[in-house]
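Colleague: As they're listed, the protein sequences go chains E and D.
Counting from 1, position 82 in the first sequence corresponds to residue 82 in my numbering; the numbering is continuous, with no gaps.
Residues are numbered in my numbering as their position in the second sequence, beginning at 1, plus a constant of 304.
Note that CB positions come from ideal geometry on N, CA and C, so glycine has one too.
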Amino acid sequence: MQNVIESSGISKNFGTTKALNDISFSVNESEVFGFIGPDGAGKTTLFRIITTLMLPDEGEIKVLGMNCTTDYKELRKNIGYMPGRFSLYQDLTVEENLNFYATVFGTTVEENYELISDIYSHIEPFKKRLAGKLSGGMKQKLALSCALIHKPKLLVLDEPTTGVDAVSRSEFWDMLGKLRQHNITIIVSTPYMDEAMRCDKVALIQDGKILAIDAPQKIRDGFSRKLFTVKSVEKYKLINTLRKYPMTLTAYPFGDSVHVTFINDMVDNSLFDYLIKEGISDVVVQETKAGIEDRFLELMNKTE
Amino acid sequence: MKIQVITVKNLVKKFGSFVANDNLNFEVFGGEIFGFLGANGAGKTTTIRILSGLSKPTSGEVKVAGFDAYRQTEQIKKNIGYMCQKFSLYEDLTVKENIILYGGIYGLTKSLIKERIAELLAKLRFQEYENRIIADLPLGLRQKLAFSVAVLHEPKIVFLDEPTGGVDPITRRQFWEMIYETAARGITLFVTTHYMDEAEYCDRISIMSEGKIVALDTPENLKKQYNTATIEEVFIKIARPGSLHPHPPVPFSQERRG
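1. With distance defined between alpha-carbon atoms, name the residue in N99(E), Y252(E), V188(E) and K62(E) nearest to K231(E).
2. Pull up the distance between the alpha-carbon of K139(E) and that of E171(E), whole angstroms please.
3. Within the same chain, show all residues whose beta-carbon is closer than 6 Å to that of T496(D), passing over the 5 residues directly before and after it, in chain order.
4. Quick check: the Cα distance between F322(D) and V453(D), rounded to an integer number of angstroms?
5. Give the DSSP bridge partners of I23(E), in chain order.
6. Below 9 Å between beta carbons is the criterion; list the residues of the region 458 to 480 of chain D that meet it against any residue of chain C, in chain order.
7. Are three or more beta carbon pairs between the region 242 to 261 of chain E and the region 497 to 507 of chain D nearer than 8 Å?
8. Please determine, among V366(D), K306(D), C388(D) and R544(D), the residue with the shortest C-alpha to C-alpha distance to I166(E).
9. Does DSSP put I540(D) in a helix, a strand or coil?
10. Counting only beta-carbon separations shorter than 8 Å, does I239(E) have a partner in chain D?
11. With C-beta atoms as the reference, is A131(E) less than 8 Å away from T162(E)?
12. Could you give the C-beta distance for T509(D) and L526(D), rounded to a whole number, given that I count them as a contact under 8 Å?
13. Does the beta carbon of M266(E) come closer than 8 Å to any beta carbon on chain D?
14. Using alpha carbons as the reference points, say which of L445(D), K460(D) and H457(D) lies closest to T468(D).
15. Just to confirm, are L227(E) and T261(E) a CB contact at a threshold of 8 Å?
16. Contact criterion: CB-CB distance below 8 Å. Does G385(D) meet it with respect to chain E?
17. Count the other C-beta atoms from every protein chain shown that fall within 10 angstroms of the C-beta of M193(E), then say buried if there are 16 or more, exposed otherwise.
18. To the nearest angstrom, how far is the alpha carbon of E96(E) from that of D440(D)?
19. Express the C-alpha separation of K133(E) and P282(D) in angstroms, rounding to a whole number.
20. Taking Cβ positions only, does D501(D) come closer than 8 Å to chain E?
21. Any beta carbon of chain D sitting closer than 8 Å to that of S170(E)?
22. Measuring CA to CA, which of I119(E), R169(E), G137(E) and T248(E) is closest to D265(E)?
23. Identify, in the order they occur along the chain, each residue of the same chain with its Cβ nearer than 6 Å to the Cβ of I474(D), setting aside the five sequence neighbours on each side.
24. Spatial neighbours of C68(E) within its chain, please: C-beta separation below 6 Å, excluding the five flanking residues on both sides.
25. Can you check which of these residues, G15(E), V109(E) and K153(E), is closest to S145(E) by C-alpha distance?
26. Below 8 Å, can you find three or more Cβ-Cβ pairs linking the region 480 to 493 of chain D to the region 410 to 424 of chain D?
27. Please report the straight-line C-alpha distance between I213(E) and N78(E), rounded to a whole angstrom.
28. Per the contact definition of three or more C-beta pairs closer than 8 Å, is the region 179 to 199 of chain E in contact with the region 149 to 162 of chain E?
29. Return yes when the Cβ of R180(E) is within less than 8 Å of the Cβ of V4(E), no when it is not.
30. How long is the line joining the alpha carbons of M54(E) and G42(E), rounded to whole angstroms?
31. Should R48(E) go down as buried or exposed, given a rule of 16 or more other Cβ atoms within 10 Å for buried?
32. Take the Cβ of Y499(D) as the centre, count every other Cβ of all protein chains shown within 10 Å, and call the residue buried at 16 or more, exposed below.
33. What three-state label does DSSP hand E58(E) in the structure shown?
34. Just to check my reading of the structure: G37(E) and Q206(E) have Cβ atoms closer than 8 Å, yes? What is that Cβ distance to the nearest angstrom?
35. If you reduce the DSSP assignment to three classes, tell me which class Q308(D) lands in.
36. If we call anything under 8 Å between Cβ atoms a contact, is G59(E) one with S26(E)?
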């Protein structure tokens with residue numbers, strides 16, 4: 001079996017809202033596949049369909065070679081799902097939650113301990129503590145342990161890093177990387193573009209549509225223009241001034257600089273002359289490589 | 305001449321024997337965009353509650369908008385705005401009703417509220433949404449409106465708690481442009497966020513770990529000092545509990561409530 005997920009033309013409507021619109025993609029075995037997009041893009045709806053919790057209105061989807069409608073009972077045994085909202089039993093202890101999930105799936109913690117040891121060992125010292133009393137980072141580790149305890153073939157993580165600090169986020173992605181050696185396929189969603197680079201393949205999703213699917217590096221390479229960073233102490237004035245420059249195509253604030261594309265894909269002295277005339281004399285301009293977010297912006301502009 | 309709108313000297317806040325804020329010292333200036341970063345449980349929320357007049361320091365000197373954080377908490381509250389991602393507007397009220405409500409709470413006159421409604425709707429190109437309830441608004445519009453409402457009374461300082469979490473990249477940039485514009489009007493923006501690319505937009509940032517401020521400078525200088533390309537890398541180097549101490553890290557100190 002090659003493809004863990006094979007989706008063609010999936011659509012789902014809620015009333016007049018098209019939550020998913022003609023979604024097609026495939027996920028290979030042992031891949032970390034990321035769905036990157038803002039809130040309301042349709043990520044959770046798609047994950048609910050993949051986990052057999054919801055049926056699509058149109059299209060076909062096969063997960064682990066099985067039909068999501070007819071084979072859902074068998075399929076669920078092979079999927080580990082970590083929803084976006086913490087969904088463990090808050091009034092059970094860490095240990096009780098883990099035992100409960102193992103039992104539900106007809107296994108024991110001992111049997112698959114090796115798979116979770118890396119993650120669970122961080123919270124094991126607190127195994128007698130109620131799940132509701134854990135910190136955010138610890139809840140996340142417990143939820144991941146519970147989603148893995150039955151050794152699923154497919155792990156589905158819905159926004160696991162939202163609201164988590166940068167240190168814990170980075171640790172979490174390291175943990176996912178290590179799961180690869182156990183031949184577990186992972187699909188993960190996130191609203192944060194910088195996490196795309198930690199995936200093998202990503203789909204950029206917006207308003208229920210996929211804007212692009214590829215390896216993250218290739219998505220960056222897909223940026224169609226030369227991109228420049230322009231810096232000045234007066235950021236706000238710089239953005240507005242750059243937008244009025246006749247050769248400017250796009251100008252977006254990006255952290256401490258402005259990312260700019262020009263109609264002729266180049267910077268010449270007329271830009272500096274113009275900026276000095278407008279009272280900005282401290283600019284530093286450099287060509288830069290587009291990131292995932294630059295490409296996302298470009299694709300959003302094309303669809304509008 | 306830079307005006308100090310927040311002055312914090314030797315701030316300590318204890319809960320029983322636990323020291324949530326351990327001798328903090330910093331200033332924030334008028335019209336500055338100040339990023340306030342730290343790991344979960346580092347003590348950020350405690351500081352923000354003190355700066356917004358909701359909690360009193362155990363010791364130290366704290367002044368916000370010229371008012372004392374021990375005795376003048378009501379005046380502080382009148383001079384600040386607050387917006388967070390989780391809750392900011394009443395979902396079952398319309399756009400217009402929310403503006404009237406917040407205007408009323410901040411003691412704006414009826415005629416001024418009316419003026420502000422017209423201004424806001426025009427600026428945000430929101431006219432068609434005037435009588436729609438918040439629950440029906442797309443997230444991006446909701447966030448922009450929430451921000452506008454937080455500065456409705458022209459406060460000296462606005463506290464923003466992860467203002468752009470989950471919004472699309474275009475809306476996010478429009479939002480930051482609103483922040484820049486507000487700063488240009490002289491209002492101070494005090495931003496907390498877990499997302500380090502957001503930190504790069506700020507004029508200066510501080511990073512908290514285990515109740516202490518462990519770094520405070522412009523994003524540019526911090527990247528130079530720690531020899532990194534991004535603030536995220538700076539953060540990972542220094543915000544991990546114990547990372548600045550010679551002894552091994554204390555496990556799970558991040559679980560402490562901030």
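Modeller: So, to answer that:
1. Here residue 231(E) refers to the residue found at position 231 when the first sequence is read from its first residue. The candidate whose alpha carbon is nearest that of K231(E) is Y252(E).
2. Here the question's residue 139(E) lines up with position 139 in the first sequence. Here the question's residue 171(E) lines up with position 171 in the first sequence. Approximately 14 Å between the Cα atoms of the pair.
3. Taking the second sequence and counting its residues from 1, one reaches residue 496(D) at position 192. The residues are F340, K348 and D465.
4. Reading the second sequence from its first residue, position 18 is the one you call residue 322(D). Reading the second sequence from its first residue, position 149 is the one you call residue 453(D). For F322(D) and V453(D), the distance between alpha carbons rounds to 36 Å.
5. Your numbering for residue 23(E) matches position 23 in the first sequence. Looking at the DSSP assignment, I23(E) forms a beta bridge with I10(E).
6. You won't find chain C in this structure, because its protein chains are E and D.
7. yes
8. The sequence position of residue 166(E) within the first sequence is 166, counting from 1. Position check: residue 166(E) holds Ala in this sequence, whereas Ile was assumed. Selected option, being the one with the closest Cα: R544(D).
9. As a position in the second sequence, residue 540(D) is number 236, starting the count at 1. If DSSP states are grouped into helix, strand and coil, I540(D) belongs with the helices.
10. Here residue 239(E) refers to the residue found at position 239 when the first sequence is read from its first residue. I239(E) counts as touching chain D.
11. Translated into positions along the first sequence, residue 131(E) becomes position 131. Translated into positions along the first sequence, residue 162(E) becomes position 162. Not in contact: A131(E) and T162(E) (Cβ atoms no closer than 8 Å).
12. Counted from its first residue, the second sequence places residue 509(D) at position 205. Counted from its first residue, the second sequence places residue 526(D) at position 222. Correcting the residue identity first, residue 509(D) is Ile in this sequence and not Thr. Taking a contact as a CB-CB distance under 8 Å, the pair I509(D) and L526(D) counts as one, their CB atoms being some 7 Å apart.
13. Translated into the one-based positions of the first sequence, residue 266(E) becomes position 266. With 8 Å as the cut-off, M266(E) does not count as an interface residue toward chain D.
14. The residue given as residue 468(D) occupies position 164 in the second sequence. For the residues L445(D), K460(D) and H457(D), the minimum Cα distance to T468(D) belongs to L445(D).
15. For the purposes of this step, residue 227(E) is identified with residue 227 of the first sequence, where counting begins at 1. For the purposes of this step, residue 261(E) is identified with residue 261 of the first sequence, where counting begins at 1. Yes; because the gap between Cβ atoms is below 8 Å, this pair is in contact.
16. Taking the second sequence and counting its residues from 1, the one referred to as residue 385(D) is at position 81. Taking Cβ atoms only, chain E never reaches closer than 8 Å to G385(D), which makes this a no.
17. Stepping through the first sequence from its first residue, residue 193(E) is reached at position 193. Answer is buried; the Cβ neighbour count reaches 16.
18. Your numbering for residue 96(E) matches position 96 in the first sequence. Your numbering for residue 440(D) matches position 136 in the second sequence. Going from the Cα of E96(E) to the Cα of D440(D) covers about 40 Å.
19. Residue 282(D) falls outside the range modelled here, since chain D spans only 305 to 562, and no answer is possible.
20. As a first step, residue 501(D) is located in the second sequence; it is residue number 197 there, counting from the start. Cβ-Cβ to chain E under 8 Å: yes for D501(D).
21. For the purposes of this step, residue 170(E) is identified with residue 170 of the first sequence, where counting begins at 1. So yes, S170(E) belongs to the interface.
22. Position 265 of the first sequence, counted from the first residue, corresponds to residue 265(E). Of the listed residues, the one whose Cα sits closest to D265(E) is T248(E).
23. Position 170 of the second sequence holds residue 474(D). Excluding residues within five positions, none has a Cβ falling inside 6 Å.
24. Here residue 68(E) corresponds to residue number 68 of the first sequence, with the count starting at 1. Excluding residues within five positions, the ones whose Cβ falls inside 6 Å are T52 and I61.
25. Here the question's residue 145(E) lines up with position 145 in the first sequence. Nearest option by C-alpha distance: V109(E).
26. The region 480 to 493 of chain D, when compared against the region 410 to 424 of chain D, does not touch it at the 8 Å Cβ threshold.
27. Within the first sequence, numbered from 1, the residue matching residue 213(E) stands at position 213. Within the first sequence, numbered from 1, the residue matching residue 78(E) stands at position 78. Answer to the nearest angstrom: the Cα atoms are 25 Å apart.
28. yes
29. To locate residue 4(E), count along the first sequence from 1; it is residue 4. To locate residue 180(E), count along the first sequence from 1; it is residue 180. No, these two residues do not count as a Cβ contact at 8 Å.
30. Looking up residue 54(E) in the first sequence gives position 54. Looking up residue 42(E) in the first sequence gives position 42. If you draw a straight line from the Cα of M54(E) to the Cα of G42(E), it is about 13 Å long.
31. On the first sequence, position 48 is the one that residue 48(E) refers to. Its Cβ being crowded by 16 or more others within 10 Å, R48(E) is buried.
32. Taking the second sequence and counting its residues from 1, the one referred to as residue 499(D) is at position 195. Y499(D) should be labelled buried.
33. Locating residue 58(E) in the first sequence gives position 58, where the first residue counts as 1. Of the three classes helix, strand and coil, the one that applies to E58(E) here is strand, per DSSP.
34. What you label residue 37(E) is simply residue 37 of the first sequence in a count that begins at 1. What you label residue 206(E) is simply residue 206 of the first sequence in a count that begins at 1. Yes, G37(E) and Q206(E) are in contact; Cβ-Cβ is about 5 Å, under 8 Å.
35. Sequence index remark: in the second sequence, residue 308(D) carries index 4 (1-based). Of the three classes helix, strand and coil, the one that applies to Q308(D) here is strand, per DSSP.
36. As a working note, residue 59(E) is residue 59 in the first sequence. As a working note, residue 26(E) is residue 26 in the first sequence. Taking 8 Å as the Cβ cut-off, G59(E) and S26(E) do not qualify as a contacting pair.
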